[in-house]
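Reviewing the structure listed below.
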Amino acid sequence: NAGVTQTPKFRILKIGQSMTLQCTQDMNHNYMYWYRQDPGMGLKLIYYSVGAGITDKGEVPNGYNVSRSTTEDFPLRLELAAPSQTSVYFCASSYSSGGSEAFFGQGTRLTVV
Amino acid sequence: GENVEQHPSTLSVQEGDSAVIKCTYSDSASNYFPWYKQELGKGPQLIIDIRSNVGEKKDQRIAVTLNKTAKHFSLHITETQPEDSAVYFCAAITADSWGKLQFGAGTQVVVTP
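So this is what it looks like as structure tokens:
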């Protein structure tokens, strides 16, 4: 099984540009999440989804948007990139909401210059 | 909301010694406490977890203890090996949080031969 796959692995954006970070999982998980990881800060939740067509904001949603048209895919959209969005982004999925293993992708390292 | 604090931020141990990482949480409704290991350039991976109805759990060289009264939980690694070098994150989930992980800031563990 591939698990959770994120693309691209690295990206450099100029201020004001937009991009979509792709995330797909092949485990038929309903729950999917986007986190960002800043040095020394742990992982912060950006957006999450409890199933196809249902998304909600996490702790740090400003400047991002998501969609969930299928169970497998959960893309993260950055509009008008800003230097504060320089970070490593992780997509994750889990089987249940009540405490089960979350599977993480390999991450996307984004630099906004 | 839940707040998780993790200490220490860095931990250097000699190969063969034990390592202990401690976390505290704020929300008494938290009921699931996973530990993730993140190797350089990779996404976090679950290494052990514990639920609120259990005080201790062990898996070979790693163990987790939970003190619900004091709201803290700890990761213990015995007989450390160089491959244990990584960043370790504790996290907490509450039953009504849709599986959203609240992470600690992470501990960089370095095992020196």
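Protein chains in written order, with our numbering: chain A, 1 to 113; chain B, 1001 to 1113. The C-beta atom is built at its ideal place from N, Cα and C for all residues, glycine as well. Given the structure is predicted, the values throughout are model-derived calculations rather than measurements.
Since I believe residue 12 of chain A is in contact with residue 82 of chain A (beta carbons under 8 angstroms), could you give me their beta-carbon distance rounded to a whole number of angstroms? With 8 angstroms as the limit, residue 82 of chain A and residue 12 of chain A do not qualify as a contact, their Cβ atoms being about 14 angstroms apart.
On the CB-based measure, 16 or more other CB atoms within 10 Å of its CB, does residue 78 of chain A come out buried or exposed? buried
For residue 1083 of chain B, three-class secondary structure by DSSP: helix
Using beta-carbon positions only, say whether residue 117 of chain A and residue 110 of chain A come within less than 9 angstroms of one another. What the structure shows of chain A is the stretch from 1 to 113, and residue 117 of chain A is not part of that stretch, so it cannot be assessed.
Rounded to whole angstroms, how far is the Cβ of residue 1089 of chain B from the Cβ of residue 1025 of chain B, which I believe are closer than 8 angstroms? Cβ-Cβ separation between residue 1089 of chain B and residue 1025 of chain B: approximately 13 angstroms, too far for a contact (criterion under 8 angstroms).
For residue 1057 of chain B and residue 53 of chain A, I'd like the C-alpha separation in whole angstroms. Near 37 angstroms, if we compare the C-alpha coordinates of residue 53 of chain A and residue 1057 of chain B.
Would you kindly check if the distance between the Cβ of residue 31 of chain A and the Cβ of residue 84 of chain A is under 9 angstroms? no
Does the contact criterion of 3 or more C-beta pairs under 8 angstroms hold for the segment 1075-1094 of chain B versus the segment 1010-1025 of chain B? yes
Which runs of the beta strand (DSSP E) at least 3 residues long sit entirely within the segment 22-49 of chain A? Give them in chain order. 31-37
With a threshold of 6 angstroms on Cβ separation, who are the neighbours of residue 17 of chain A within its own chain once the five nearest residues in sequence on each side are excluded? Excluding positions up to five away in sequence, the list reads 81.
Within-9 angstroms CB hit, residue 1106 of chain B to chain A: Against chain A, the CB of residue 1106 of chain B has a partner CB under 9 angstroms away; the residue lies at that interface.
Which residues of the segment 1040-1055 of chain B have a Cβ closer than 8 angstroms to any Cβ of chain A? Give them in chain order. Those residues of the segment 1040-1055 of chain B that come within reach of chain A (Cβ to Cβ, closer than 8 angstroms) are 1041, 1042, 1043, 1044, 1045, 1046, 1049 and 1051.
Counting only beta-carbon separations shorter than 9 angstroms, does residue 1095 of chain B have a partner in chain A? A Cβ of chain A is located within less than 9 angstroms of the beta carbon of residue 1095 of chain B.
Using a C-beta to C-beta distance shorter than 7 angstroms, which residues of chain B count as neighbours of residue 72 of chain A? What residue 72 of chain A touches in chain B: nothing, since even the nearest Cβ is about 17 angstroms away.
Excluding five sequence neighbours on each side, which residues of the same chain lie with their C-beta closer than 8 angstroms to the C-beta of residue 1097 of chain B? 1002
Could you give the distance in angstroms between the alpha-carbon of residue 1072 of chain B and the alpha-carbon of residue 1106 of chain B? 15 angstroms
Does residue 68 of chain A pass the burial test, meaning 16 or more other C-beta atoms within 10 Å, or should it be called exposed? buried
Using the C-alpha atoms, what's the distance from residue 1094 of chain B back to residue 1027 of chain B? Their backbone Cα atoms lie some 8 angstroms apart in a straight line.
Only counting the same chain, and skipping five residues up and downstream in sequence, which positions put a Cβ closer than 8 angstroms to that of residue 1091 of chain B? 1004, 1033, 1034, 1035, 1036, 1101, 1102, 1103 and 1104
By the criterion of Cβ-Cβ separation under 9 angstroms, what are the contact partners of residue 106 of chain A in chain B? 1041, 1042 and 1043
C-beta contact flag for residue 64 of chain A and residue 48 of chain A at 9 angstroms: no
Residues sharing a beta bridge with residue 85 of chain A, DSSP: Its beta-bridge partners do not exist; DSSP assigns none.
Give the secondary structure of residue 99 of chain A by DSSP, where H, G and I count as helix, E and B as strand, and everything else as coil. coil
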